[in-house]
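In my numbering, the protein residues as written are 4 to 90.
Below is the structure:
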């Protein structure tokens, strides 16, 4: 199965804007700092911004042969409160 990623210019403006923010945040990460693992899910890593606010969750595939995790987005933008639905 070939995985194809669309260009940001091909996406709706709102989605493109959120993804651009994610890309910029990732590009500016301090790579010397180890990412924190989620306390309930050890295959999830947390990324904080410079003001210590949780910004993103990164999902590490537990089994690289699994198909279902590859079908979902592996990086989540947190733009809602922690205990509510994520966009």
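We put the beta carbon where it would ideally sit given N, CA and C, even for glycine.
Segment contact, 8 Å Cβ cut-off, at least three pairs: the stretch 40 to 55 with the stretch 12 to 19: no
Helix, strand or coil for residue 62? Go by DSSP, reduced to three states. In the chain shown, the residue the question calls residue 62 occupies position 59. Reduced to three states, the DSSP call for residue 62 is strand.
In three-state terms, what does DSSP make of residue 57? For the purposes of this step, residue 57 is taken as the residue at position 54 of the chain shown. Looking at residue 57 - three-state DSSP - the assignment turns out to be strand.
With DSSP as the reference, identify every bridge partner of residue 50, one or two as the case may be. For the purposes of this step, residue 50 is identified with residue 47 of the chain shown, where counting begins at 1. Per DSSP, 59.
What does a CB cutoff of less than 7 Å around residue 31 pick up in its chain, not counting 5 residues either side in sequence? Within the chain shown, residue 31 is the residue found at index 28, counting from 1. Result list for residue 31: empty, nothing under 7 Å.
Start-to-end residues for the alpha helix (DSSP H) that takes in residue 22: Reading the chain shown from its first residue, position 19 is the one you call residue 22. Unbroken alpha helix (DSSP H) run through residue 22: 16 to 30.
Alpha carbons only, please: which of 14, 5, 8 and 57 is nearest the one belonging to residue 40? Looking up residue 40 in the chain shown gives position 37. The option with the nearest alpha carbon to residue 40 is 57.
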